[in-house]
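Residue numbers (this note's numbering): 234 to 462. Reviewing the structure listed below.
In structure tokens, the structure reads:
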């Protein structure tokens with residue numbers, strides 16, 4: 234019975250392992266989505282914040298706030314360190330070129346800087362929209378991956394259940410049926426099974442040998458009567 238017990242335990246452990254693998258696989262897929270999306274969004278939000286601060290500094294007349302140029306340069310440094318798109322480089326260079334004159338109130342320089350800042354903000358907004366679309370695609374991919382893992386787990390469980398039915402359940406039912414008809418007097422029925430389990434096959438062969446030895450002319454006598462056993 235040790236081999237039979239070992240096979241039953243193996244089937245149970247395989248089913249459990251499949252379920253655990255499915256659960257942890259889905260968790261791993263979903264957990265990888267958050268950090269990647271958050272990183273992209275954070276970088277673009279930081280750039281937009283820097284653009285807003287530069288616009289605010291430009292909107293302040295030079296005579297009213299001596300800190301405006303410092304705030305502009307600090308915001309520019311943040312934007313320059315946080316480039317996420319190739320199109321940002323030429324715009325940042327143009328802003329740097331005209332920044333001093335724009336902060337002094339020179340109209341043409343202010344116009345060029347404002348236009349560059351507007352384009353810079355538009356680039357980062359588009360990047361945020363792309364990040365959102367990528368997040369949605371990744372979420373759908375993660376959901377479908379979880380569904381596929383669940384489907385694979387279901388098919389494996391079905392396969393294991395059918396194998397257990399073929400190896401254990403059906404042979405036991407066949408043996409029980411042969412024993413029952415023998416107790417009713419039919420001594421010619423035999424177990425015609427070929428089980429992958431050595432214990433069950435040995436049991437079926439033993440029942441067949443017992444029936445072969447216990448054949449009796451009296452039909453009311455059965456090898457499985459309590460007296461005979």
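Glycine residues also receive a C-beta, built at the ideal position from the N, C-alpha and C atoms. For clarity, every value in this text was computed on a predicted model and none was experimentally measured.
Same chain only: Cβ atoms within 8 Å of residue i, ignoring 5 sequence neighbours per side
i, result
"residue 288", "347, 350"
"residue 382", "254, 255, 258, 259"
"residue 353", "280, 284, 312, 321, 324, 325, 328"
"residue 307", "286"
Local conformation of residue i per DSSP, three classes
i, result
"residue 234", "Any answer about residue 234 is weak, because its pLDDT of 46 lies below 50 and its placement is not dependable; what the coordinates show is given next. Coil."
"residue 436", "helix"
"residue 461", "Since pLDDT at residue 461 reaches only 47, below the 50 mark, its modelled position is unreliable, and no value is offered."
"residue 289", "helix"
"residue 421", "coil"
"residue 407", "helix"
"residue 426", "coil"
"residue 400", "helix"
"residue 337", "coil"
"residue 276", "helix"
"residue 318", "coil"
"residue 294", "coil"
"residue 355", "helix"
"residue 299", "coil"
"residue 447", "coil"
Rounded Cβ spacing between residue i and residue j (contact assumed at less than 8 Å)
i, j, result
"residue 294", "residue 336", "Their Cβ separation, rounded to whole angstroms, is 10 Å, which puts residue 294 and residue 336 out of contact at 8 Å."
"residue 334", "residue 327", "About 12 Å; that fails the 8 Å criterion."
"residue 444", "residue 415", "6 Å"
Neighbourhood of residue i by C-beta, 7 Å cutoff - its chain only, sequence neighbours within 5 removed
i, result
"residue 361", "274, 277"
"residue 345", "327, 331"
"residue 322", "316"
"residue 462", "No answer about residue 462 holds up, because its pLDDT of 47 lies below 50 and its placement is not dependable."
"residue 248", "390, 393"
"residue 304", "286, 290"
"residue 410", "none"
Close beta carbons around residue i, own chain, < 6 Å, minus the five adjacent residues each side
i, result
"residue 280", "312, 315, 357"
"residue 434", "428"
Quick check: the region 250-264 against the region 376-390, are at least 3 beta-carbon pairs closer than 8 Å? yes
Segment contact flag, the region 373-380 with the region 306-321, C-beta cutoff 8 Å, min 3 pairs: no
The region 414-433 touching the region 277-292, judged by at least three CB pairs closer than 8 Å: no
Does the structure place the region 427-445 close enough to the region 396-405 that three or more beta carbon pairs sit under 8 Å? yes
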